[in-house]
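**Q** In this text, residue positions in the sequence shown follow the numbering used here: the first is 40, and each later residue adds one. C-beta atoms are modelled at their ideal positions from N, C-alpha and C, and glycine is treated no differently.
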Amino acid sequence: MADTIESAAEVLTRLPIIRKPRSGLAVAPNMPDYEAARRAFSWEAARRELDGLPGGRGLNIAHEAVDRHLHAGLGSKIAMRWLGKEGSRRALTYRELAEASNRFANLLARLGVGKGERVFALLGRVPELYVAALGSFKAGCVFCPLFSAFGPEPVRARLEIGDARVLVTNAALYQRKVAAARLALPGLRHVLLVPETGVQETRQAMPAGAIDLAEALADSSGAFAIPPTEPEDPALLHFTSGTTGRPKGALHVHAAVVAHHITGRLALDLHAEDIFWCTADPGWVTGTSYGLIAPLTNGVTMVVDEGDFDAERWYRVLAEERVSVWYTAPTAVRMMIRAGDEMARRYDLKPLRFMASVGEPLNPEAVEWGRTALGRPFHDNWWQTETGGIMIANFLAMDIKPGSMGRALPGIEAAIVRRAPGGAIQVIDAPDEQGELALRPGWPSMFRAYVNEAERYAKCFSGGWYLTGDLARRDADGYYWFVGRADDVIKTSGHLIGPFEVESVLMEHPAVAEAGVIGKPDPMAFEVIKAFVTLKSGHSPSEELKRSILAHARKRLGAAIAPKEMEFKPNLPKTRSGKIMRRLLKARELGLPEGDISALERDP
Ligand code: ATP
Ligand code: MG
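(1) Tell me whether I56 is buried or exposed, calling it buried when 16 or more other Cβ atoms sit within 10 Å of its Cβ.
(2) Is it the case that the Cβ atoms of A249 and V233 are separated by a distance below 7 angstroms?
(3) Please go through the same chain and pick out, in chain order, the residues whose beta-carbon is closer than 7 angstroms to the beta-carbon of V66, but skip the five residues on each side of it.
(4) Please determine whether the Cβ atom of S443 lies at a distance below 6 angstroms from any heavy atom of the ligand ATP.
(5) I'd like to know whether the C-beta atoms of H548 and I600 end up nearer to each other than 7 angstroms.
(6) Which residues does DSSP list as the beta-bridge partners of W121?
(7) Count the CB pairs spanning the region 278-292 and the region 435-446 that are closer than 8 angstroms, and state whether there are at least three.
(8) Within 10 angstroms of its Cβ, does G617 collect 16 or more other Cβ (buried), or is it exposed?
(9) Any idea what DSSP makes of V324, helix, strand or coil?
(10) Could you give the distance in angstroms between the alpha-carbon of S127 and the alpha-carbon of A210?
(11) Specify, as a first and last residue, the run of the beta strand (DSSP E) that Q465 falls within.
(12) Go ahead and label F500 buried or exposed: buried means 16 or more other beta carbons lie within 10 angstroms of its beta carbon, across all protein chains shown.
(13) Could you tell me whether the Cβ atoms of A477 and A459 are closer together than 7 angstroms?
(14) Cβ of T614 versus every heavy atom of the ligand NAD: is any distance shorter than 6 angstroms?
(15) Among L109, I529, R627, M341, which residue has its Cα nearest to the Cα of V356?
(16) Is T279 near the ligand MG, going by C-beta to nearest heavy atom under 6 angstroms?
(17) Answer with buried or exposed for R215, where buried requires no fewer than 16 other C-beta atoms within 10 angstroms of its C-beta.
(18) Return the chain-ordered list of same chain residues with a C-beta closer than 8 angstroms to the C-beta of D42, the five sequence neighbours on each side being excluded.
(19) On the CB-based measure, 16 or more other CB atoms within 10 Å of its CB, does P369 come out buried or exposed?
(20) What's the gap between the Cα of N433 and the Cα of A253?
(21) With 16 as the cutoff for other CB atoms within 10 Å, does D419 come out buried or exposed?
(22) Using only the alpha-carbon positions, how far apart do A707 and P560 sit?
(23) Just tell me which of K594, G558, N610, P562 has its CA closest to the CA of P580.
(24) Going along the chain, which unbroken runs of the beta strand (DSSP E) with 3 or more residues stay wholly within the region 175-214?
(25) I619 and G555 - do their beta-carbons sit closer together than 7 angstroms?
(26) Look up R458 in the DSSP assignment and give the residues it is bridged to.
(27) State yes or no: is the C-beta of R352 nearer than 6 angstroms to some heavy atom of the ligand ATP?
(28) For T614, tell me which candidate among V152, E135, S280 has the shortest Cα-Cα distance.
(29) Going by the C-beta, is A403 closer than 6 angstroms to any heavy atom of the ligand ATP?
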């Protein structure tokens, strides 16, 4: 194996440690002392923070998220502030959410849809999506949200793989994305249609056999007793982002709610008084674990914005809704950086006390930008569709090392491992060594299957570890540093290079907004690095700028590792969940087959 790069750690640790806040916090952190919390933590105790179904009849996500707050007298508290993309708004109390989801559960029962059957949603971020999710949990069904922007083929494939019994969508999405494939989906028995937002006057034509959800809910009772659900009963099906290849359907159980709840409390520091905004769409696991379940179990008021990303709109939402805890993704942070600091200065973000990010490595530059432009740093955290919840995080009461994903959640045993030639798993205890990030199985939100892919699931586990497919290092203080996905690592001139460190260096250049790097085959160096770069507003591509960016990279990384080639792009190809698809940059560069691009956001 070639050497790992020695410069990597220096590259990512250039920015000073951001010391944990020692005083002056408006709200006392839920976890004031990481070490103490780690020592005291047990999953049993975390489970006891929740109720369980009345009468000891098991555990149900929707009960913990909504119904139990009614018993605690919080029925009239606003659970969700919904912001329509055209400017309308709606507020739903915990009681209203409980009743609406009861109606949905009663409707499923009336339709004869039983325990374990799959209810899919193909909807924008409208209240009905959240009601359908909660109602499905109550009915013991498995809920599977899809991005509404998926094209017909990705929709069909997921409905088929997931054996969808029910689909909740609207007439326009149905016609455009499902109708043509309907005959090929005999298992899909019921299509429930919600009105399209912004299309009030003329009612959309109802496809034959479809059910008008609003009418059907009005005909259903608002009272529902959740039948027993066991902690191990399946509850959620999430397709992975498809960054590295064909998306996998990860199945989660009701017990996952314990992890959602506790990570919301410890990693996002949710307090009942918070106004919380998770910007992710539920079509991506983050938008369900943290855009629906964790905020509700923690009894906060959550903001749901139907609109798509727009820097100005997002600042307005943060300011006008007085958001106090904000959870977003590096792609959004980079787009906000791109929009310029002046825009940030126009908004009053005083109530915002905690900002977190997930989904991709968060470049040190972006952490620092949060501090200088928004007045507080971003807290990066790491997890996957498969882990169901946050596993590694920069917690509030912890020093931040910009560029690090943070430390393992209390209750989570993480390790850096290598596969020995015979296949045995070897744990690397020494600090700063690169290897695969592994987790000790047993936390409640761990996926229980890849649907229809038992072998692929089994391959994720070895030697008592769950192997994540991500490469990382752990430093002497227990902080994890992302190196790259095992598939993305570049081998050049005897060095193994994670794209993250090279991209982070490129982003230090004042003109660079985003960067994606790939390895290109080279007869001398095995691979050379090619960079694709988008620019911040106010900069335009030129040969001179290219030279300046490449020179900066050479200075920081050394000639052996720095990109040899560079191309400006107006946008980089991304998944629907906002991740740079390096494999697609590479396939296009080399003229290779593009592979599964069902999750591609748009073609830049
Ligand atoms: P697929 O598995 O289909 O290729 P995906 O891995 O992108 O898609 P997700 O489950 O949405 O699907 O993403 C999890 C992955 O995202 C992680 O394995 C990791 O590679 C990356 N990731 C998430 N958070 C971070 C982070 N904070 N830093 C670095 N990488 C992260
Ligand atoms: Mg993955």
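**A** Reading it off the structure:
(1) exposed
(2) No, they are not a contact pair.
(3) H310, R392, listed in sequence order.
(4) no
(5) no
(6) The secondary-structure analysis by DSSP pairs W121 across a beta bridge with R129, V343.
(7) no
(8) buried
(9) Secondary structure at V324: helix, using DSSP grouped into helix, strand and coil.
(10) Taking the straight line from one Cα to the other gives about 21 angstroms.
(11) 464-466
(12) When all chains shown are included, F500 counts as exposed.
(13) no
(14) This structure simply doesn't include the ligand NAD; it includes the ligand ATP and the ligand MG instead.
(15) M341
(16) yes
(17) Exposed, by the Cβ-count rule.
(18) The predicted model places D42 with a pLDDT of 41, which falls under 50 and marks its position as unreliable; any figure quoted below should be read in that light. Excluding positions up to five away in sequence, the list reads G533, H534, L535.
(19) buried
(20) 42 angstroms
(21) buried
(22) Lying outside 40 to 643, the shown extent of the chain, residue 707 is not represented and no answer is given.
(23) N610
(24) Runs found: 181-185, 203-209.
(25) yes
(26) I464
(27) no
(28) S280
(29) Residue identity check: residue 403 is Pro in the sequence provided, not Ala. Checking every heavy atom of the ligand ATP against the Cβ of P403, none is found closer than 6 angstroms.
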